[in-house]
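According to my numbering, the sequence shown is numbered sequentially starting from 3.
All C-beta atoms, glycine included, are put in the ideal place defined by N, C-alpha and C.
The block underneath contains the structure these notes are about, expressed in structure tokens.
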Amino acid sequence: MGGGLCPRLSSSWENMEKALNDAVSKSKVGKYFMLDARKSTFTKELRAGTATFLTMAYIITVNATILADSGGTCSVADCSAPVNQTASPDCMLKPNEGYQSCLDKTKSDLIVATVLSAMIGSFAMGILANLPLGLAPGMGPNAFVAYNMVGFHGSGPISYKTAMAIVLVEGCAFFIVSALGLREKFARIIPKPIRLACAAGIGLFIAFVGLQVHQGMGLVGPDQSTLVTMTACSSTNPVTGECISGKMRSPTFWLGSVGLLITCYGLMKEIKGSMIYGILFVTLVSWIRGTAVTYFPHTLIGDTNYKYFKKVVGFHKIQSTAGAISFSDLNTSDAWLALATIFYVDMLGTTGTLYTMAEVGGFVDGKGSFEGQYTAFLVDAGSTIVGSTLGVTTTATYVESSAGIREGGRTGLTAVTVGLYFLVSLFFTPLLTSVPPWATGPSLVIVGVMMMKVVKDIDWENMKEAVPAFITMILMPLTYSVANGIVGGIGMYVALSLYDYAVRLMVWLIKMRGMVVKERNQVSAAAAADLAIEVI
Numbered sequence: 003m004g005g006g007l008c009p010r011l012s013s014s015w016e017n018m019e020k021a022l023n024d025a026v027s028k029s030k031v032g033k034y035f036m037l038d039a040r041k042s043t044f045t046k047e048l049r050a051g052t053a054t055f056l057t058m059a060y061i062i063t064v065n066a067t068i069l070a071d072s073g074g075t076c077s078v079a080d081c082s083a084p085v086n087q088t089a090s091p092d093c094m095l096k097p098n099e100g101y102q103s104c105l106d107k108t109k110s111d112l113i114v115a116t117v118l119s120a121m122i123g124s125f126a127m128g129i130l131a132n133l134p135l136g137l138a139p140g141m142g143p144n145a146f147v148a149y150n151m152v153g154f155h156g157s158g159p160i161s162y163k164t165a166m167a168i169v170l171v172e173g174c175a176f177f178i179v180s181a182l183g184l185r186e187k188f189a190r191i192i193p194k195p196i197r198l199a200c201a202a203g204i205g206l207f208i209a210f211v212g213l214q215v216h217q218g219m220g221l222v223g224p225d226q227s228t229l230v231t232m233t234a235c236s237s238t239n240p241v242t243g244e245c246i247s248g249k250m251r252s253p254t255f256w257l258g259s260v261g262l263l264i265t266c267y268g269l270m271k272e273i274k275g276s277m278i279y280g281i282l283f284v285t286l287v288s289w290i291r292g293t294a295v296t297y298f299p300h301t302l303i304g305d306t307n308y309k310y311f312k313k314v315v316g317f318h319k320i321q322s323t324a325g326a327i328s329f330s331d332l333n334t335s336d337a338w339l340a341l342a343t344i345f346y347v348d349m350l351g352t353t354g355t356l357y358t359m360a361e362v363g364g365f366v367d368g369k370g371s372f373e374g375q376y377t378a379f380l381v382d383a384g385s386t387i388v389g390s391t392l393g394v395t396t397t398a399t400y401v402e403s404s405a406g407i408r409e410g411g412r413t414g415l416t417a418v419t420v421g422l423y424f425l426v427s428l429f430f431t432p433l434l435t436s437v438p439p440w441a442t443g444p445s446l447v448i449v450g451v452m453m454m455k456v457v458k459d460i461d462w463e464n465m466k467e468a469v470p471a472f473i474t475m476i477l478m479p480l481t482y483s484v485a486n487g488i489v490g491g492i493g494m495y496v497a498l499s500l501y502d503y504a505v506r507l508m509v510w511l512i513k514m515r516g517m518v519v520k521e522r523n524q525v526s527a528a529a530a531a532d533l534a535i536e537v538i
């Protein structure tokens, strides 16, 4: 009897699923999303959307953590200071309860901003372009803004509000370029080896951040002799991050390493949501109080964070990052360089990802275009404009969308499903803000690994391509600047190309000289002949 129950339940479920799929396919929703035309079903799209969300949900905490490192709108005024005294300017770079409290609120704002921009972008991509692509703030531009433009806790040359203004201007420029159909042409201006090396260089940069003391797992820290060194110390200087004692004995580092292994094992077995599982394991262990790896130590800040964490469910209203835009300092060389860099990185990254995902989904035709291409470009650019007004960096199509496409996602219903999941995430801000950096650090390392795939397409036998590509990649993490890598790579490419131009110029000059001499000789010969005739 029991042996026949399971088959009957399975058959009943299949019949219910088929009836649901048929009903949706024949409805206005099914016809709008072209379910039958693209040979898909409602339940298949739901599964695809779930797979895509699981593989890209890590961005919620990772993006907020990275951008919060910039300090956001926090300033010296938020620092705690003794009674009747003013806080010193360096209070933002030292442990300070007042400033840390501001950072915690900023991170909550950024989590909500990340979720909202991802939700709006995914909804728009699904409803307007009818493509199974999820959108969210991109990795790379966020690190550039946080660590190069604004700098760690506001130590850079550009303020957070000015940085968001730059992102807004870039988004508007990107939208215009997309509307005019010039997006692909702009992307091709940069030499191919530099384009490929940029993705790999940003990957190295992100992985480097994920390994650092303050922002990630804590394996890499500063050293007065060698600049950087292996740390993972049980005791570090809270200001400089230098190792005090117990090298390679940091409990949080080893916990993060376990999370990294979990993620790697999951990716090896192609388990969907592997990065989420790694983050989840480390986070759950870190939530236990009274342990060496707890994220809630028995301190004033720890107690405050734990009290907020216990709410579990709660909607956080953005207080500081939404509308934090200032155009007053845009007319500087640093601002223009940052604008050009973000525009370039966004152009290459999002254009390449869109075409790659369309290729994976089988949407590309013989001419190299795909259905909904124009609208998809506009949605991609428009999402950046929306994101900048919320306080996050450029919003882009995610390569993790391939997970949903592999599950059979073929229509915009997949993207709409992703947007719905992000909508639900809005109500779990207390949990999302309590993810420690040693839980997200491993994900940054894995993202770096994934972005290194493009190096195989660089012609390493051709020094004219290999050297500029290598300089682009190596300068990004070593100088802690995406812009330096791009400028260095392009500069080297131009310098090496000058040799060919110089040789061509020399050949042309020699050829022209020969022609002039030949013509002069002919003129001289003709003049001599005329003179001889006159004499005769």
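For Leu341, three-class secondary structure by DSSP: Residue 341 sits at position 339 when you count from the first residue of the sequence shown. Under the three-state reduction of DSSP output, Leu341 falls in the helix class.
The segment 102–114 touching the segment 70–80, judged by at least three CB pairs closer than 8 Å: Short answer: they touch.
Nearest-angstrom Cα separation, counted from Trp15 out to Thr238: Numbered from its first residue, the sequence shown carries residue 238 at position 236. Numbered from its first residue, the sequence shown carries residue 15 at position 13. Inter-residue distance for Thr238 and Trp15 is about 57 Å (C-alpha atoms, whole angstroms).
Outcome for His318 when other beta-carbon atoms lying within 10 angstroms are tallied against a minimum of 16: Within the sequence shown, numbered from 1, the residue matching residue 318 stands at position 316. With 16 or more other Cβ atoms within 10 Å, it is buried.
Integer-rounded CB distance, given that Thr108 should sit under 8 Å from Ser322: Here the question's residue 322 lines up with position 320 in the sequence shown. Here the question's residue 108 lines up with position 106 in the sequence shown. Indeed they touch by this definition, with Cβ atoms about 6 Å apart.
Delimiting residues of the beta strand (DSSP E) encompassing Met232: Residue 232 sits at position 230 when you count from the first residue of the sequence shown. Boundaries of the beta strand (DSSP E) harbouring Met232: 229–232, taken from the DSSP string.
Contact check, Gly203 vs Met475, beta carbons under 8 Å: Working through the sequence shown from its first residue, we reach residue 203 at position 201. Working through the sequence shown from its first residue, we reach residue 475 at position 473. Going by beta carbons, Gly203 and Met475 fall inside the 8 Å limit.
Among Lys30, Leu428, Ala145, the one whose alpha carbon lies nearest that of Ile62: If you number the sequence shown from 1, residue 62 lands on position 60. When only C-alpha atoms are compared, the closest one is Leu428.
Where Ile191 falls: helix, strand or coil (DSSP): Counting from one through the sequence shown, the residue named residue 191 turns up at place 189. Under the three-state reduction of DSSP, Ile191 is assigned to coil, being neither helix nor strand.
Backbone secondary structure at Leu257 - three-state DSSP: Here residue 257 refers to the residue found at position 255 of the sequence shown. Helix, per DSSP.
Inter-stretch contact (C-beta, 8 Å, three-pair minimum) for the segment 172–188 and the segment 323–336: No, they do not touch.
For Phe125 and Gly100, the rounded distance between their alpha carbons: On the sequence shown, residue 100 is found 98 positions in, with the first residue counted as 1. On the sequence shown, residue 125 is found 123 positions in, with the first residue counted as 1. Straight across, the Cα-Cα distance linking Gly100 with Phe125 is about 38 Å.
Euclidean distance between Cα positions of Tyr400 and Pro9: By 1-based counting over the sequence shown, the position of residue 400 is 398. By 1-based counting over the sequence shown, the position of residue 9 is 7. Answer to the nearest angstrom: the Cα atoms are 39 Å apart.
Gln217 versus Phe255: straight-line alpha-carbon distance, rounded: Position 215 of the sequence shown, counted from the first residue, corresponds to residue 217. Position 253 of the sequence shown, counted from the first residue, corresponds to residue 255. Taking C-alpha positions only, Gln217 is separated from Phe255 by approximately 12 Å.
Per-residue burial, Gly212 [other beta carbons within 10 Å of its own, 16 or more giving buried]: Position 210 of the sequence shown, counting from 1, holds the residue named residue 212. The residue in question, Gly212, is buried, as its Cβ has 16 or more Cβ neighbours within 10 Å.
Closest Cα partner of Val260 within the set Trp440, Glu521, Phe55: To locate residue 260, count along the sequence shown from 1; it is residue 258. For Val260, the nearest C-alpha among the options comes from Trp440.
For Ser335, the three-state DSSP class (helix, strand or coil): Translated into the one-based positions of the sequence shown, residue 335 becomes position 333. Three-state result, Ser335: helix.
The segment 127–139 touching the segment 48–65, judged by at least three CB pairs closer than 8 Å: Judged by Cβ distances under 8 Å, the segment 127–139 makes contact with the segment 48–65, as three or more pairs qualify.
Local conformation of Phe146 per DSSP, three classes: The sequence position of residue 146 within the sequence shown is 144, counting from 1. In this structure, Phe146 counts as helix in the three-state DSSP scheme.
Beta-carbon proximity of Gly280 to Met453, cut-off 8 Å: Position 278 of the sequence shown, counted from the start, is the residue given in the question as residue 280. Position 451 of the sequence shown, counted from the start, is the residue given in the question as residue 453. No. Outside cutoff.
Beta-bridge pairing of Phe154 - partner residues as DSSP gives them: Taking the first residue of the sequence shown as 1, we reach residue 154 at position 152. Answer is none; Phe154 lacks a bridge partner.
Environment of Ser119 [buried if 16+ CB atoms lie within 10 Å]: Working through the sequence shown from its first residue, we reach residue 119 at position 117. When all chains shown are included, Ser119 counts as buried.
Beta-carbon separation (whole angstroms), Val171 vs Leu380, contact threshold 8 Å: Position 169 of the sequence shown, counted from the start, is the residue given in the question as residue 171. Position 378 of the sequence shown, counted from the start, is the residue given in the question as residue 380. Rounded, the Cβ-Cβ distance is 17 Å, inconsistent with contact.
Pro444 - containing alpha helix (DSSP H), residue span: Counted from its first residue, the sequence shown places residue 444 at position 442. Looking at the DSSP string, the run of the alpha helix (DSSP H) that includes Pro444 is 439–453.
Length of the line joining the Cα atoms of Gly223 and Val447: Taking the first residue of the sequence shown as 1, we reach residue 223 at position 221. Taking the first residue of the sequence shown as 1, we reach residue 447 at position 445. Going from the Cα of Gly223 to the Cα of Val447 covers about 16 Å.
Where Pro91 falls, given that 16 or more other Cβ within 10 Å makes a residue buried: Here residue 91 is taken as the residue at index 89 of the sequence shown, counted from 1. The residue is exposed, with fewer than 16 neighbouring Cβ atoms inside 10 Å.
Other residues of its chain near Met3: CB distance less than 8 Å, five sequence neighbours each side excluded: Here residue 3 corresponds to residue number 1 of the sequence shown, with the count starting at 1. Low confidence applies to Met3: its pLDDT is 47, below 50, so where it sits in the model is not reliable, and the reading given next is rough at best. Beyond the five residues adjoining it in sequence on each side, Met3 comes within less than 8 Å, by CB distance, of no other residue in the same chain.
Through-space distance from Lys458 to Lys271, alpha-carbon basis: In the sequence shown, the residue the question calls residue 271 occupies position 269. In the sequence shown, the residue the question calls residue 458 occupies position 456. If I take the Cα positions, the gap works out to 23 Å.
Separation of Val114 from Asn17, as counted between CA atoms: Within the sequence shown, the letter at position 15 stands for residue 17. Within the sequence shown, the letter at position 112 stands for residue 114. Looking at the two C-alpha atoms, the distance is approximately 40 Å.
Range of the contiguous alpha helix (DSSP H) that encloses Pro84: By 1-based counting over the sequence shown, the position of residue 84 is 82. It is not in any alpha helix (DSSP H) - Pro84 carries neither H nor E in the DSSP assignment.
Thr395, DSSP secondary structure in three states: Taking the first residue of the sequence shown as position 1, residue 395 is located at position 393. Residue state, collapsed to three classes: coil.
For Phe424, the nearest candidate out of His155, Phe365, Leu112, Ile122 (CA to CA): Sequence index remark: in the sequence shown, residue 424 carries index 422 (1-based). Ranking His155, Phe365, Leu112, Ile122 by CA distance to the CA of Phe424 puts Ile122 first.
Span of the alpha helix (DSSP H) around Ala468: For the purposes of this step, residue 468 is taken as residue 466 along the sequence shown, with counting starting at 1. Here the alpha helix (DSSP H) through Ala468 covers 465–480.
At least 3 beta-carbon pairs within less than 8 Å: the segment 375–391 vs the segment 25–34: Two segments are said to touch when three or more pairs of C-beta atoms, one from each, lie closer than 8 Å; by this definition the segment 375–391 does not touch the segment 25–34.
Contact set for Ile264: own chain, Cβ-Cβ below 8 Å, skip 5 residues either direction: Mapped onto the sequence shown, residue 264 falls at position 262. Contacts found: Ser276, Tyr279, Gly280, Phe283.
Contact set for Ile460: own chain, Cβ-Cβ below 8 Å, skip 5 residues either direction: Reading the sequence shown from its first residue, position 458 is the one you call residue 460. Answer for Ile460: Pro195, Leu198, Ala199, Glu467, Ala468, Ala471, listed in chain order.
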